[in-house]
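Numbering (the working numbering), first residue to last: 724 to 823.
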């Protein structure tokens, strides 16, 4: 599914401005800069984050002390791979009783 984004968007976003756009387009209604950073780390570990320094990845830009990402690629990725709305996901192992 290919989405089109409004033409008035900025060409690049930071983690903070990216979170604002995720809320604006209802991709992640609770997004903030920290949740976008967490999403980037988690998706980098899974090998699906489109930004970085490796081969085949879109390099981050730099404005002052902030990393920037191309807006269209960022929004499309987040729309195709939305964050888990319920938090951390299923347990990998059974939980132990506090008394054990």
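Think of the CB as a built atom: it goes at the ideal place given N, C-alpha and C, for glycine as much as any other residue.
Considering residue i, what are the terminal residues of the beta strand (DSSP E) in which it resides?
i, result
"residue 785", "784-786"
Where DSSP assigns a beta bridge to residue i, which residues make up the other side?
i, result
"residue 790", "785"
Considering only residues of the same chain and omitting the five flanking positions on each side of residue i, which have a CB-CB separation below 7 angstroms?
i, result
"residue 753", "none"
"residue 755", "742"
Once you ignore the five residues that flank residue i on each side, which residues in its own chain have a CB closer than 8 angstroms to its CB?
i, result
"residue 804", "766 and 771"
"residue 795", "728 and 732"
Please classify residue i: is it buried, with 16 or more other beta-carbons within 10 angstroms of its beta-carbon, or exposed?
i, result
"residue 759", "buried"
"residue 776", "exposed"
From what residue to what residue does the alpha helix (DSSP H) around residue i run?
i, result
"residue 757", "756-769"
"residue 741", "738-747"
Please report the Cβ distance between residue i and residue j, rounded to the nearest whole angstrom; I am assuming they are in contact, meaning their Cβ atoms lie under 8 angstroms.
i, j, result
"residue 798", "residue 744", "6 angstroms"
"residue 726", "residue 802", "6 angstroms"
Can you list, in chain order, the residues of its chain with a C-beta nearer than 6 angstroms to that of residue i? Leave out the 5 residues immediately preceding and following it.
i, result
"residue 783", "774 and 790"
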